[in-house]
Amino acid sequence: MNVKGILTATRSKTPLVQAITNYVTINDCANVLLACGASPAMCEVAREAYDFSRLSAAVYCNIGTLTPEQRQAIQEALRGAAEKEIPVVLDPVGCGAIPSRIDYLEELRSQYPIQVVKGNLGEIKSLAGIETQVRGVDSVDNGEDAVEACVSLAQKWQCVVAATGIQDVVTDGTQVAVIQNGTQMLTKITGAGCMAGAVIAGFCGAAENPFKGTVAGLLAMSLAGEKAAAGEGGQLPGTFKVKLIDEIHQLTEESMAASANIRYFSV
Amino acid sequence: MNVKGILTATRSKTPLVQAITNYVTINDCANVLLACGASPAMCEVAREAYDFSRLSAAVYCNIGTLTPEQRQAIQEALRGAAEKEIPVVLDPVGCGAIPSRIDYLEELRSQYPIQVVKGNLGEIKSLAGIETQVRGVDSVDNGEDAVEACVSLAQKWQCVVAATGIQDVVTDGTQVAVIQNGTQMLTKITGAGCMAGAVIAGFCGAAENPFKGTVAGLLAMSLAGEKAAAGEGGQLPGTFKVKLIDEIHQLTEESMAASANIRYFSV
Amino acid sequence: MNVKGILTATRSKTPLVQAITNYVTINDCANVLLACGASPAMCEVAREAYDFSRLSAAVYCNIGTLTPEQRQAIQEALRGAAEKEIPVVLDPVGCGAIPSRIDYLEELRSQYPIQVVKGNLGEIKSLAGIETQVRGVDSVDNGEDAVEACVSLAQKWQCVVAATGIQDVVTDGTQVAVIQNGTQMLTKITGAGCMAGAVIAGFCGAAENPFKGTVAGLLAMSLAGEKAAAGEGGQLPGTFKVKLIDEIHQLTEESMAASANIRYFSV
Numbered sequence: 017m018n019v020k021g022i023l024t025a026t027r028s029k030t031p032l033v034q035a036i037t038n039y040v041t042i043n044d045c046a047n048v049l050l051a052c053g054a055s056p057a058m059c060e061v062a063r064e065a066y067d068f069s070r071l072s073a074a075v076y077c078n079i080g081t082l083t084p085e086q087r088q089a090i091q092e093a094l095r096g097a098a099e100k101e102i103p104v105v106l107d108p109v110g111c112g113a114i115p116s117r118i119d120y121l122e123e124l125r126s127q128y129p130i131q132v133v134k135g136n137l138g139e140i141k142s143l144a145g146i147e148t149q150v151r152g153v154d155s156v157d158n159g160e161d162a163v164e165a166c167v168s169l170a171q172k173w174q175c176v177v178a179a180t181g182i183q184d185v186v187t188d189g190t191q192v193a194v195i196q197n198g199t200q201m202l203t204k205i206t207g208a209g210c211m212a213g214a215v216i217a218g219f220c221g222a223a224e225n226p227f228k229g230t231v232a233g234l235l236a237m238s239l240a241g242e243k244a245a246a247g248e249g250g251q252l253p254g255t256f257k258v259k260l261i262d263e264i265h266q267l268t269e270e271s272m273a274a275s276a277n278i279r280y281f282s283v
Numbered sequence: 017m018n019v020k021g022i023l024t025a026t027r028s029k030t031p032l033v034q035a036i037t038n039y040v041t042i043n044d045c046a047n048v049l050l051a052c053g054a055s056p057a058m059c060e061v062a063r064e065a066y067d068f069s070r071l072s073a074a075v076y077c078n079i080g081t082l083t084p085e086q087r088q089a090i091q092e093a094l095r096g097a098a099e100k101e102i103p104v105v106l107d108p109v110g111c112g113a114i115p116s117r118i119d120y121l122e123e124l125r126s127q128y129p130i131q132v133v134k135g136n137l138g139e140i141k142s143l144a145g146i147e148t149q150v151r152g153v154d155s156v157d158n159g160e161d162a163v164e165a166c167v168s169l170a171q172k173w174q175c176v177v178a179a180t181g182i183q184d185v186v187t188d189g190t191q192v193a194v195i196q197n198g199t200q201m202l203t204k205i206t207g208a209g210c211m212a213g214a215v216i217a218g219f220c221g222a223a224e225n226p227f228k229g230t231v232a233g234l235l236a237m238s239l240a241g242e243k244a245a246a247g248e249g250g251q252l253p254g255t256f257k258v259k260l261i262d263e264i265h266q267l268t269e270e271s272m273a274a275s276a277n278i279r280y281f282s283v
Numbered sequence: 017m018n019v020k021g022i023l024t025a026t027r028s029k030t031p032l033v034q035a036i037t038n039y040v041t042i043n044d045c046a047n048v049l050l051a052c053g054a055s056p057a058m059c060e061v062a063r064e065a066y067d068f069s070r071l072s073a074a075v076y077c078n079i080g081t082l083t084p085e086q087r088q089a090i091q092e093a094l095r096g097a098a099e100k101e102i103p104v105v106l107d108p109v110g111c112g113a114i115p116s117r118i119d120y121l122e123e124l125r126s127q128y129p130i131q132v133v134k135g136n137l138g139e140i141k142s143l144a145g146i147e148t149q150v151r152g153v154d155s156v157d158n159g160e161d162a163v164e165a166c167v168s169l170a171q172k173w174q175c176v177v178a179a180t181g182i183q184d185v186v187t188d189g190t191q192v193a194v195i196q197n198g199t200q201m202l203t204k205i206t207g208a209g210c211m212a213g214a215v216i217a218g219f220c221g222a223a224e225n226p227f228k229g230t231v232a233g234l235l236a237m238s239l240a241g242e243k244a245a246a247g248e249g250g251q252l253p254g255t256f257k258v259k260l261i262d263e264i265h266q267l268t269e270e271s272m273a274a275s276a277n278i279r280y281f282s283v
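Protein chains in written order, with my numbering: chain A, 17 to 283; chain B, 17 to 283; chain C, 17 to 283.
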């Protein structure tokens, strides 16, 4: 299996992605969606979220700053997404630090289909009911049992699960991809995880299935990160962030295929 | 007619601009207001919006992420603006995709004076009641009848109307300016339209009339975009956005006059 | 007295800083916290703010866009901070322009301990009850009596008070530090003040006392600003902002000690 064609499909279809996301990195998410070829619609108002999701090719929900208004908007967006059968990508930010967020996500998932959950390892483990180490919204887990945690949650929730870290792990509960690309610089800026989630939603809006869309999305972010970090000033976080958007924009099928370091196996 | 002197007036008067705007690009709007010589006040709290608008030289309202709190704040700000007779610039983001936003804007306009409406062509046509093509918050209209649409809305709403696109059109219902500057790079980042609206508000806070302020504002954005796109890395969206702010800051009366490509005519 | 060791302590302890801050510069605040070695948690939801503050090493409250939700979140965060006895840094944005904000801050301060108030001179004078000149959220005070104003408020509120300006003044009511570093470029971007507040909170989360943490935080911002302004393109606001984050990231104990221009005296 490979992820060839997804970048091209995204750039030719320009999928509209409704994003309900935190205020910290909402601008970065919109810009990264444009850079990967998708079209961002950052609508978080409850009364409009249902209509917007029905126009969209994918929905991205990120609970980093989950206001009461956003809670309602997520409900409405997921209702529209379920009716239109479009993929929903959920980013469970901070559910390791704040246990009540787990209850919220469990309830959400019992009401509406979720195709992809993408978090850091601490968040994925927290949702899977496995003990882990977090510091605020960041995971400080060493990542030894990342595959087991992702498979466990994927089987429990019946969806694609991705955990970001030194290695990124993606699974649909039967097949697993381990992406060994990336750079530590992605941890030096805020929003790398949110941007990854947004790109996954963009790719899932154009991909044939959410597993491929998720692998391609995380690969795109990791490779763009590698290139940004290697450029002039790329070891400095302000410059790195600017170059990261530049590099997402410059990705090609060829450059992705040439640099990808992905290991696939079955559970 | 020309727009000479407006940039200089803005930089010497430092007009305070109250902006109630979407969370996606609020930072860019504040920075572009500073870069063009104005002073940003991004107050969106209902209980303070009336007081802030009365201290301001212009008000910018952008409905991109229109929360209930922002709805109230816009009412309060427009009440203050009407009392102080300061210009109000309205950015009808997304009204092409979400028809209920048209009703909202119609109601707002029936209650308070609006001096300028600035949108993409899809939004302007939607407000004018003309059929158009949109994708989410973006217009995909080919722009053939942009002048007619702007004139129609300007006459209906009795205000200055501007539609951005490959060409920017500005009209007060009798005179028309068509600005043939700009760059496609402005469509590769989020917020170029919002920033244009903010600059228009800044310029209208210092200009003798809103038609001139609007022409000058769109010209400034287009010329800064051209220069940013022509610089090193300017074809990459992350770098382009940084340079766009740099170029707004570096605009001069001379550089604007030398590069302006504006056609004026009467309706 | 000097501020040696605080940067190192911040980078080794990685203090979690809960920030409830305005939507305009929330991304910059998160990135500057990472760049100085702290860990940002930008939680502003009332139902979660108490829990988050109890996990944190410091709390930063900035009232730039004070929504009803943020008001409640600040209450909850300050309650948690008081119980855990962690430092609270308050940024009284706009209280010079909007007098009702003074009442709000007075009430807040009567209910919960505040360790540091950091504002521009107009804001500090407004809180101290001294006449001043403001334009929107910016101070246009000439700064002659900055020390007196800070000492007055520090003695009235029994906390550390810092006023930013051409010179930055910090006092705990008995000792005073006047920092003569910095650059005018910090006034050409939005959020320099907010970022300074965030860095102060990060440093106070690792410093032995809030006076030292505040002096070190303002010094770090001023020195990073100087270096950013001196670099290529550093006189342009878009580029300057990118380099400012880069330079915060590159600060060292040695570079801070070598460039610091601080005058200390007793009241």
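Backbone N, C-alpha and C fix where the C-beta goes; we use that ideal spot for every residue, glycine too. Fair warning: this is a prediction, and the values are worked out from it, not measured in the lab.
CA-to-CA distance, residue j to residue i, given in whole angstroms
i: A:Val215; j: B:Gln171; result: 43 Å
i: B:Asn78; j: B:Ala113; result: 15 Å
i: C:Glu64; j: B:Val105; result: 37 Å
i: B:Gly53; j: C:Ala212; result: 23 Å
i: A:Asn285; j: B:Asn18; result: Not covered by the structure: residue 285 of chain A. The range shown for chain A is 17 to 283.
i: B:Ile278; j: B:Gly135; result: 19 Å
i: B:Ser72; j: C:Pro253; result: 23 Å
i: C:Thr255; j: B:Ala46; result: 16 Å
i: B:Ile146; j: A:Glu270; result: 43 Å
i: B:Glu224; j: B:Gly233; result: 13 Å
i: C:Pro14; j: C:Gln174; result: Nothing can be reported for residue 14 of chain C, as the shown portion of chain C is limited to 17 through 283.
i: A:Asp262; j: C:Thr148; result: 45 Å
i: B:Leu50; j: C:Lys204; result: 6 Å
i: C:Ala179; j: C:Leu137; result: 5 Å
i: B:Cys210; j: C:Ala276; result: 40 Å
i: B:Gly96; j: A:Phe227; result: 53 Å
i: B:Val48; j: B:Ile36; result: 15 Å
Cβ-Cβ distance between residue i and residue j below 9 Å
i: C:Thr230; j: C:Leu23; result: no
i: A:Val133; j: A:Val185; result: no
i: B:Asn43; j: C:Asp44; result: yes
i: A:Ala4; j: A:Ala62; result: There is no way to answer for residue 4 of chain A, as the model of chain A reaches only from 17 to 283.
i: B:Ala217; j: B:Tyr120; result: no
i: C:Val163; j: C:Val156; result: no
i: A:Thr6; j: A:Gly249; result: The requested residue 6 of chain A is not part of the displayed model; chain A covers only 17 to 283.
i: B:Gly159; j: B:Gln196; result: no
i: A:Ile130; j: A:Leu94; result: yes
i: C:Glu85; j: C:Glu60; result: yes
i: C:Leu260; j: C:Ala244; result: yes
i: B:Val198; j: B:Glu139; result: Note that residue 198 of chain B is Gly in the sequence shown, not Val. No.
i: A:Gln91; j: A:Gln34; result: no
i: A:Leu124; j: A:Ala144; result: no
Residue i, buried or exposed, once every other Cβ within 10 Å from all chains shown has been counted against 16
i: A:Ser238; result: buried
i: C:Ser142; result: buried
i: C:Thr190; result: exposed
i: C:Ala273; result: exposed
i: B:Pro115; result: exposed
i: B:Ser55; result: buried
i: B:Phe68; result: buried
* Length-filtered (4 minimum) alpha helix (DSSP H) runs lying within the region 247 to 271 of chain C -> Qualifying alpha helix (DSSP H) stretches, in chain order: 253 to 266.
* To do: Identify every run of the alpha helix (DSSP H) within the region 126 to 209 of chain C, keeping only runs that are complete inside it and at least 4 residues long; order them along the chain.
  => Counting only runs of 4 or more, we get 137 to 144, 162 to 173.
* What residues in the region 54 to 85 of chain B have a beta carbon less than 9 Å from any beta carbon of chain C? -> If the cut-off is 9 Å between Cβ atoms, the region 54 to 85 of chain B has Ser55, Pro56, Ala57, Met58, Cys59, Glu60, Val61, Ala62, Arg63, Glu64, Asp67, Phe68, Leu71, Ser72, Thr83, Glu85 near chain C.
* chain C contacts made by the region 243 to 257 of chain A, where a contact means CB separation under 8 Å -> Correct list: Gly249, Leu252, Pro253, Gly254, Thr255, Lys257.
* Residues of the region 127 to 160 of chain C with a CB closer than 7 Å to any CB of chain B: list them in chain order, please. => Listed in chain order, the positions of the region 127 to 160 of chain C with a beta carbon within less than 7 Å of a beta carbon of chain B are Arg151, Gly152, Val153, Asp154.
* Using a Cβ-Cβ cut-off of less than 9 Å, list which residues of the region 261 to 280 of chain A approach chain B; keep chain order. => Cβ contacts with chain B: Ile261, Asp262, Glu263, Ile264, His265, Gln266.
* To do: Give the residues from the region 36 to 48 of chain B that approach chain A closer than 9 Å (Cβ to any Cβ), ordered along the chain.
  => Hits within the stretch, in order: Asn38, Tyr39, Val40, Thr41, Ile42, Asn43, Asp44.
* To do: Scan the region 182 to 204 of chain C for residues whose Cβ lies nearer than 9 Å to a Cβ of chain B and list them as they occur along the chain.
  => Correct list: Thr203, Lys204.
* **Start-end ranges of the alpha helix (DSSP H) lying completely within the region 23 to 75 of chain C, minimum 4 residues** => Entirely contained in the region 23 to 75 of chain C, the alpha helix (DSSP H) runs reaching 4 residues are, in chain order, 42 to 52, 62 to 71.
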